Each structure stands twice: as structure tokens, then as C-alpha cells.
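Participant: Let me begin by handing over the structure; questions about it come next.
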Amino acid sequence: MAELTKAQVEIWLDKEEEEFSIDKLRAKYKIDPNSDNFHKVISRLCIDKRLKRLGRGLYRKIKPIKPIRWRDADETKYYDFRWPKSHSDYSTFGFEDTINVSQNDLVVITGVSNYGKSTIALNILGENVDVNPCILMGNEYATLDNLPSPKFKRRMLKMDWVEWADGEDEDKFLLLPVRKDYEDYIEGGKLTIIDWINLTDNFYKIGQVLEDIKTATGQGVSVAVLQKEEGADLGRGKGFTRDMADVYFNIDPLGKLESRLTVGKVKDPKRPIEGRMWAFRIVDRGANLSNIREIEKCHICWGKMWKKYGNSSVPCDCKTGYVNKEGF
482 MAELTKAQVE IWLDKEEEEF SIDKLRAKYK IDPNSDNFHK VISRLCIDKR
532 LKRLGRGLYR KIKPIKPIRW RDADETKYYD FRWPKSHSDY STFGFEDTIN
582 VSQNDLVVIT GVSNYGKSTI ALNILGENVD VNPCILMGNE YATLDNLPSP
632 KFKRRMLKMD WVEWADGEDE DKFLLLPVRK DYEDYIEGGK LTIIDWINLT
682 DNFYKIGQVL EDIKTATGQG VSVAVLQKEE GADLGRGKGF TRDMADVYFN
732 IDPLGKLESR LTVGKVKDPK RPIEGRMWAF RIVDRGANLS NIREIEKCHI
782 CWGKMWKKYG NSSVPCDCKT GYVNKEGF
């Protein structure tokens, strides 16, 4: 065989998997095991950051990365994202004035079961369906055999402030019965709402799930809904649920009839907002929002619902541990 060239070895490597065995490569192309030139070429490719030695004769090809010209970005460009509000009393969270949403953002909503995380998600859909192309994925919007859910239709019809069909009587959003591998069905540029992601064990894997979703989101925005335990600061998976989020909300019970939304993270705030809380009521059998107002911990019991009385404690007058924020 003629003396090996670097160009010839690169041609062979282009046909290999990302990780490959040097012994199998040598056998495949009948390369002399004692070829000093072959070893020199492989060493040079490692020095040039084209290959990485993994050990025991295994190598990984290093993908070339093109530098990003960050100054080419348009800093004035934001995603036209509409936040939910009440359509009965017109109360709002005011997020339009406090949170910037950009392309490729991931909004994570974690919540205790039956306290409004799906209501928030569907109201986001309702507010945006005439503004952005939307995809809704979920595990409760269709039956297990992928037939339309009557329960879901009843809820949607109670959102009578939304026109769900266009002029040709076609749905304005795409409903997909996806329960895993969500990133495979996201279309970059669209608003994708996933309600909800259900991991039954190994909750730490939610970090990779959310990273895959964010990567697939492209120039769009994704909203991911997760379960959390009552009183927990984070969803199932703890810090892994928060790492990739650009906006992070927690939803907890507020008494028996209302819910409390806490802003856990905002990467691009218009003004300080992390840690602020809002109360809201779910009406129309889970379809709509009402009586949204900002709240804070009671200044007597500080959220514990018990106050000092002599040497003991008694129930606080505020009942829930939270009060309406002064001036709101």
C-alpha cells in the first residue's frame, strides 16, 4: 500500500460513526498495524482537535463549530407572547410589564395537581392562538387510544372568549397526543405547549427532557407543565426542572378555593419580579381565571397561618398565611 496521507485517513473517518474503534478502522481498510505514518496522522488529528482519544483504542470525532457573530443579533426583537388574564373581571398578572419573552425561550410551570397549572397553560394557548402558530401536546387531551376527549372539549367550550376555529372551520392550533419524545414533534418558530410531562421515576432525567425541548424550540417558544409536591419550591426533579427555564412558575393551593402563583425565575425581567406572588381563582370548571391579584406573606404569621399568643400559638386571622399586597 502507498504511504498513507492525512487526506486519505480523513476520507475514511468521514464514513465512520461519531465514536469508532481504531483497530476496526485499521482492519476495515487493511492498514498495516506497524504503520508509523498512520499513527502520526491520528496523533496530528488529535492535536488539531479533529479527534479525541477516549481510551482502549476508542476515539470520538469532534464536530467543527462555527463561531457565532453575537453582534448580528437584533436586540430589539422579542417574541409576541401574550400572558393569561381574567376575561370576567379583567384582572391580570401584569407579566406584560415585567417579563420579556424572546425566541427560543422555555417557560416552565410546575404545580400541585388540580390547582391551575393546566388552566394557566390553556389560557396561554387561548391568548396566543390568533397571534402565533400553536401546538398543544398533552396526555389528558385525548383518550389512551388517541380519540378526542369529551372532557377536554367541554373545558375548551367554556373558554368562550376564544374563537378556536378559523374562517374555514379548521382548528387554529394543532393538538398532538404526544406523551414522550416531545422534541421530535416541535416545529421551530411555533408556540408549543406541553401539558404535562409525566416522569414516573428517575426524575433527574427531566433536565435532559427540557434541554431537548429547548433545543428543538428554535425561533419559537415552548411552555412545559410539570407536577410538583405541595410545599416544594421546585417541581419533581428539583433543580433539574429549573436549569433550562427562562421563566419558572410555581403554583400551590391558597386555602381551599384559590391558587398561589410564585415567580421562581425570570432570565430577562423588565423590572425585579422573582419571588413575587399572585393569587387567582379557577372558575367555569377549570377553564378560566378570576380575581387575579398580587399577594404577600401575612406580616403577623409570615405564611405559617399561626401567630404567637402568650406562650402558645393560635390560628392567624388571615386564614391562608397570605394577604393582598398593599395598593394592589
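In our numbering, the protein residues as written are 482 to 809. Just so you know, even glycine gets a beta-carbon here, dropped at the ideal spot from N, CA and C. Remember, predicted model here, so these are calculated numbers, not experimental data.
Which same chain residues end up closer than 8 Å to R525 when comparing Cβ atoms and leaving out the 5 residues on each side of it in sequence?
Facilitator: Once the five neighbours on either side are set aside, the close Cβ partners of R525 are K487.
Participant: Please work out which residues of its chain come closer than 6 Å, Cβ to Cβ, to I732, disregarding the five sequence neighbours upstream and downstream, and give them in chain order.
Facilitator: G592, Y596, G597, K598, S740 and L742
Participant: Excluding the 5 residues preceding and the 5 following F809 in the sequence, name in chain order all residues of the same chain whose CB lies nearer than 6 Å to its CB.
Facilitator: Low confidence applies to F809: its pLDDT is 49, below 50, so where it sits in the model is not reliable, and the reading given next is rough at best. Around F809: R774 and E775.
Participant: Let me know the secondary structure DSSP gives L770 once reduced to three states.
Facilitator: strand
Participant: For the beta strand (DSSP E) containing D676, name the first residue and the last one.
Facilitator: Counting along the chain, the beta strand (DSSP E) containing D676 begins and ends at L672 to D676.
Participant: If you compare alpha carbons, which of K547, L485, K542 and D495 is closest to D517?
Facilitator: L485
Participant: Which first and last residues belong to the beta strand (DSSP E) in which V589 is found?
Facilitator: D586 to G592
Participant: Taking buried to mean at least 16 other C-beta atoms within 10 Å of its own C-beta, is W471 buried or exposed?
Facilitator: Lying outside 482 to 809, the shown extent of the chain, residue 471 is not represented and no answer is given.
Participant: Please give me, in chain order, every unbroken run of the beta strand (DSSP E) with length at least 3 that falls completely inside the segment 692-742.
Facilitator: 702-708 and 728-735
Participant: Would you give the residue range spanned by the beta strand (DSSP E) that M640 belongs to?
Facilitator: Run containing M640: none; DSSP gives neither H nor E here.
Participant: Quick one, are the C-beta atoms of V728 and V588 less than 8 Å apart?
Facilitator: In this structure, V588 lies closer than 8 Å to V728 by Cβ.
Participant: At what residues does the alpha helix (DSSP H) containing N518 begin and finish?
Facilitator: D517 to I528
Participant: For the alpha helix (DSSP H) containing K487, name the first residue and the last one.
Facilitator: K487 to D495
Participant: How is N668 classed by DSSP in three states: helix, strand or coil?
Facilitator: Asn is not the amino acid found at residue 668; the sequence shown has Glu there. Correct three-state label for E668: coil.
Participant: Measuring CB atoms only, is the segment 620-640 touching the segment 657-675, in the sense that at least three cross pairs come out at less than 8 Å?
Facilitator: With a cut-off of 8 Å, the segment 657-675 and the segment 620-640 count as touching, because enough Cβ pairs lie within range.
Participant: Do the CB positions of I605 and V704 come within less than 8 Å of each other?
Facilitator: Yes, the pair counts as a contact, with Cβ atoms nearer than the cut-off.
Participant: Quick check: the Cα distance between K686 and W677, rounded to an integer number of angstroms?
Facilitator: 15 Å
Participant: Between the C-alpha atoms of G669 and T696, what's the straight-line distance to the nearest angstrom?
Facilitator: 9 Å
Participant: Indicate whether L691 and M725 have their beta-carbon atoms separated by less than 8 Å.
Facilitator: yes
Participant: May I ask you to list the residues that DSSP assigns as paired with G536?
Facilitator: DSSP lists L539 as partners of G536.
Participant: Just reading off the alpha helix (DSSP H) that K598 is part of, what are its end residues?
Facilitator: K598 to N609
Participant: Give the DSSP-derived three-state secondary structure of Y818 in the structure shown.
Facilitator: In the structure as shown, the chain begins at 482 and stops at 809. Residue 818 is therefore absent and cannot be evaluated.
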